[in-house]
Amino acid sequence: MIHFKEIAKIMGALLLLIALLMLPAVIYSYYYGEDPWPLLISMGITGFVGLILFISFSKQDQNIRKREGYLIVALSWTFMALFGMLPFLLSHQIPTFQDAFFETLSGLTTTGATILTDIEVMPKGLLFWRSMTQWIGGLGIIVLTVAIFPLLGIGGIELFVAESPGPTSDKVHPRISETAKRLWYVYVGLTLSATILYWIGGMTFFDAINHGLTTLATGGFSTKNASMAHYDSAFIQYVAILFMFLAGTNFTVIYFGLLGKFRRVFQSDEFKTYTLAVLAITVIVFYPIAANGGSYELAFRKSLFQVVSLVTTTGYVTDDYTQYGQGLTFIFFMLLFIGGSAGSTAGGIKFVRHLTFIKNSWLEFKRLIHPRAVVPLMINGDRVTGRIITHIMNFLLIYLLTFVLGALVLSLMGYDLPTSLGAVATCLGNVGPAIGDVGPVDNFAFFSPAAKVFLAFIMLLGRLELFTILVLFTPFFWRAN
Numbered sequence: 001m002i003h004f005k006e007i008a009k010i011m012g013a014l015l016l017l018i019a020l021l022m023l024p025a026v027i028y029s030y031y032y033g034e035d036p037w038p039l040l041i042s043m044g045i046t047g048f049v050g051l052i053l054f055i056s057f058s059k060q061d062q063n064i065r066k067r068e069g070y071l072i073v074a075l076s077w078t079f080m081a082l083f084g085m086l087p088f089l090l091s092h093q094i095p096t097f098q099d100a101f102f103e104t105l106s107g108l109t110t111t112g113a114t115i116l117t118d119i120e121v122m123p124k125g126l127l128f129w130r131s132m133t134q135w136i137g138g139l140g141i142i143v144l145t146v147a148i149f150p151l152l153g154i155g156g157i158e159l160f161v162a163e164s165p166g167p168t169s170d171k172v173h174p175r176i177s178e179t180a181k182r183l184w185y186v187y188v189g190l191t192l193s194a195t196i197l198y199w200i201g202g203m204t205f206f207d208a209i210n211h212g213l214t215t216l217a218t219g220g221f222s223t224k225n226a227s228m229a230h231y232d233s234a235f236i237q238y239v240a241i242l243f244m245f246l247a248g249t250n251f252t253v254i255y256f257g258l259l260g261k262f263r264r265v266f267q268s269d270e271f272k273t274y275t276l277a278v279l280a281i282t283v284i285v286f287y288p289i290a291a292n293g294g295s296y297e298l299a300f301r302k303s304l305f306q307v308v309s310l311v312t313t314t315g316y317v318t319d320d321y322t323q324y325g326q327g328l329t330f331i332f333f334m335l336l337f338i339g340g341s342a343g344s345t346a347g348g349i350k351f352v353r354h355l356t357f358i359k360n361s362w363l364e365f366k367r368l369i370h371p372r373a374v375v376p377l378m379i380n381g382d383r384v385t386g387r388i389i390t391h392i393m394n395f396l397l398i399y400l401l402t403f404v405l406g407a408l409v410l411s412l413m414g415y416d417l418p419t420s421l422g423a424v425a426t427c428l429g430n431v432g433p434a435i436g437d438v439g440p441v442d443n444f445a446f447f448s449p450a451a452k453v454f455l456a457f458i459m460l461l462g463r464l465e466l467f468t469i470l471v472l473f474t475p476f477f478w479r480a481n
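Here it is in structure tokens:
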């Protein structure tokens, strides 16, 4: 039997937190002389519903099992999107449900795809809330990584190098809670650091804090229509590159680095692969971009920025990479399927899954020659069990099937093939820009209401590791024990 009352209490606490996080946006509205009532009313509604749920079920104290865990994760993002879109609806800046839901869920999943055609005319308070949704989503995925996913046994997280224990049938273990707290400190500290450096680089404080929030969330929402291309500053763009790269790194690796435990940093096979892959891909795309003219420094910066932005699923833009030629466009399209590191705020498949797949495939040749030999797969010096390998292989297969079927659905809705492939790939990977009519200088406003809801579902699937959502559609999930 599923403990729905315990779930309702947790949803109530979540909504109270969301209401509290709307307060800075209200303050910005007052500061800039805007109408604060859409945000105030949204804050009141969210807080009231959260308070009712929390008080009504506050006496519930039952263990959270796997079933409740899956529902909590799925409902958390859904509730946050439904209540988080209220400021956009009540202000009439985004007047339709489908558009407001798409924009808000795009923020919370840190996808960064937008339906807004003129961002700069939006009220400052709403722009700040829009950026805040991404920061909330980035923070939320860190908490899920160390507190919820180990409980659920989500694929890939078993290889996470955090100091968190394995699955537990009890509520959040104190050790997990302590780990989440440490990573939260890292997240906040890096956000503040990025904000300060953006400000020093010439951004207004408002723009700096917004970009600080969305950079560390690997979300990519900007306060400017041209995204990072608006700032023709090498300093600002290199700051963005640095913090996008850090945000795509396993936050436990960053934590060890800050403590000076560099041996632990370089013991991470995923971090080494992530770093080398970014550098290698940058070198590959550098020469064709440099051949188009301009300084070598500018060509290098463009190459590195686009690669880091797409690999970390941030989605900031400094140039239209679809104008570099079909070969480079295809390379950038393939980057939508990589993703950052496990334990980071990045979306996508994650390097640790790619690394496991490639290593296991290579070892399979050795097993063919020596069928009786025991050939273990090692990651970070530890043996990877067969169950984990199977889980990761299943994840990759389902990810590919979801991409293909999603693109087929959009094609049947009447959209051309490059646009369908690009839209599904970027939403599933939580990236933002893609190819076709959803390239770096385009947006998602032209999609039909049905297509927007469908793509919002794809975003949620990708952000919550596929299985978390798909298991809810299986009959045995709902059967009584």
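When we follow UniProt numbering, the leftmost residue of the sequence shown carries the number 1, and every step to the right adds one. Positions of the beta carbon are idealized from the N, C-alpha and C atoms, including for glycine.
Contact between the segment 90-109 and the segment 19-31 is absent: fewer than three C-beta pairs spanning the two stretches fall below 8 Å. DSSP places residue 367 within a helical segment (H, G or I) once states are collapsed to three.
Between residue 379 and residue 355, the CB-CB gap stays under 8 Å. Distance from the CA of residue 12 to the CA of residue 475, rounded to the nearest whole angstrom, comes to 27 Å.
Leaving aside the five residues that flank residue 448 on each side, the residues in its chain whose CB is nearer than 8 Å to its CB run, in chain order, 413. Secondary structure at residue 382: strand, using DSSP grouped into helix, strand and coil. Taking each of 252, 43, 332 in turn and checking the Cα distance to residue 433, the smallest one comes out for 332.
In the three-state DSSP reduction, residue 466 falls in the coil class, being neither helix nor strand. Under the DSSP assignment, residue 252 falls in the alpha helix (DSSP H) whose first and last residues are 251-258.
Counted as a single uninterrupted DSSP element, the alpha helix (DSSP H) harbouring residue 263 occupies residues 262-266.
Put simply, the segment 436-452 does not touch the segment 341-352. Fewer than three CB pairs are less than 8 Å apart.
Cα atoms of residue 316 and residue 227: separation of roughly 6 Å, rounded to the nearest angstrom. A residue is called buried once 16 or more other Cβ atoms fall within 10 Å of its Cβ, and residue 294, having fewer, is exposed. In this chain, the alpha helix (DSSP H) harbouring residue 211 covers 205-216. According to the DSSP assignment, residue 417 belongs to the alpha helix (DSSP H) that extends over 417-428. The beta carbons of residue 203 and residue 238 sit no closer together than 8 Å. Here residue 221 carries a coil assignment [DSSP, helix/strand/coil]. By the criterion of a C-beta distance shorter than 8 Å, residue 255 is surrounded in its chain by 182, 183, 186, once the five residues flanking it on both sides are discounted. Membership of residue 52 in the alpha helix (DSSP H) is indicated by the continuous run 37-56.
For residue 28, the enclosing alpha helix (DSSP H) has its first and last residue at 23-31.
Taken atom to atom, the span from the alpha-carbon of residue 415 to that of residue 399 is near 21 Å. In the assembly as shown, residue 463 is a buried residue. Its beta-carbon has 16 or more other beta-carbons within 10 Å.
Between residue 375 and residue 328, the gap from beta carbon to beta carbon reaches 8 Å or more.
The Cβ atoms of residue 110 and residue 84 lie no closer than 8 Å to each other.
Take residue 102, set aside five residues on each side of it, and the residues of its chain with a beta-carbon closer than 8 Å to its own are 113, 115, 444, 452, 453, 455, 456, in chain order. CA-to-CA, the gap between residue 337 and residue 429 works out to about 6 Å. Contact between residue 123 and residue 93 holds, with the beta-carbon distance rounding to 7 Å and staying under 8 Å. About 6 Å separates the Cβ atoms of residue 91 and residue 126, confirming a contact at the 8 Å cut-off.
Taking residue 460 as the centre and dropping the five residues before and after it, the same chain places the C-beta of 77, 105, 109, 469 closer than 7 Å to its C-beta, in chain order. Assignment of residue 122 by DSSP, reduced to helix, strand and coil, places it in the coil class. Taking each of 409, 29, 313, 465 in turn and checking the Cα distance to residue 215, the smallest one comes out for 313. For the set 472, 242, 229, 410, the Cα lying nearest the Cα of residue 446 is the one of 410. It is roughly 35 Å from the alpha-carbon of residue 31 to the alpha-carbon of residue 306.
Around the beta carbon of residue 120, fewer than 16 other beta carbons lie within 10 angstroms, which makes this residue exposed.
One Cα belongs to residue 131, the other to residue 242, and the distance between them is close to 19 Å.
Here residue 73 carries a helix assignment [DSSP, helix/strand/coil].
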